[in-house]
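>
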Amino acid sequence: MVSSGAVSCEDVTPVTPLILANALYFKGTWLKKFKAKCTKDFDFYLLDGRLTRVPFMTNNEPDQYIETHNGFKVLQLPYKQGCDFGRSFSMCFFLPDKGDRLPALTERACSEPGFLDCHNPQTKVDVGEFRIPQVRELVDFVADHPFMIVIREEMTGIVLFIGQLLDPQQK
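Residue numbers are given in my numbering: position 100 of the sequence shown equals residue 84, and the series is strictly consecutive.
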């Protein structure tokens, strides 16, 4: 909280009695695993235009859940279903067509009611080479610039996590 600006460093003093915090631990296993031997380095373009070389996961699956929209694409990767058969989880990658459009896309996702439900891929499309990020076919999905990540439970639509990848080399 201190680093995100919600609480400033000046607000926390030796006499501060309590700080409430919240955290979520999610341990999911991909439905279709990525093979470590298929990980390769590619260029990733940062928000400021610089580029950095980072490892990309690849997958040879012939089809993926992808939808294209005006200004962005969405890739959905399902997790394996656990013992609770009523629930299924997935991670969605919201990739703006241009790297500098991530703040506007994030604002839309957080402010427009039903945005995530309306832009959640429902059908698989045929793909050739696949990299997380790249899909080749009618749709290319190359996440070589900042993007938004959403983890949600599919039956209820409850969002567990929303985040952004701005620089893959930052810890």
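Think of the CB as a built atom: it goes at the ideal place given N, C-alpha and C, for glycine as much as any other residue. Bear in mind that the values here come from a model prediction, so they are computed numbers and not experimental data.
Residue range of the alpha helix (DSSP H) that Ser95 falls in?
Secondary structure note for Ser95: its alpha helix (DSSP H) is the uninterrupted segment 86 to 95.
> Can you check whether the C-beta of Ala93 is within less than 7 Å of a C-beta belonging to chain C?
Any reference to chain C falls outside this structure, which holds one protein chain only.
> Go ahead and label Ala88 buried or exposed: buried means 16 or more other beta carbons lie within 10 angstroms of its beta carbon, across all protein chains shown.
exposed
> CA-CA distance, Pro105 and Arg34?
Pro105 and Arg34 have their C-alpha atoms spaced approximately 31 Å apart.
> Is it true that the CB of Gln65 sits closer than 7 Å to the CB of Ser72?
yes
> When the Cα atoms are used, what is the spatial distance from Gly55 to Val109?
19 Å
> If you draw a straight line from the C-alpha of Met132 to the C-alpha of Arg37, how long is it?
19 Å
> Between which residues of its own chain and Cys76 is the CB-CB distance below 6 Å, once the five residues before and five after are set aside?
Val58, Gln60, Val134
> Just to confirm, is the Cβ distance from Arg136 to Val126 under 7 Å?
no
> Roughly how many whole angstroms lie between the Cα atoms of Cys94 and Arg85?
Straight-line spacing of the CA atoms in Cys94 and Arg85 works out to 15 Å.
> Alpha carbon to alpha carbon, how far is Ala20 from Thr13?
14 Å
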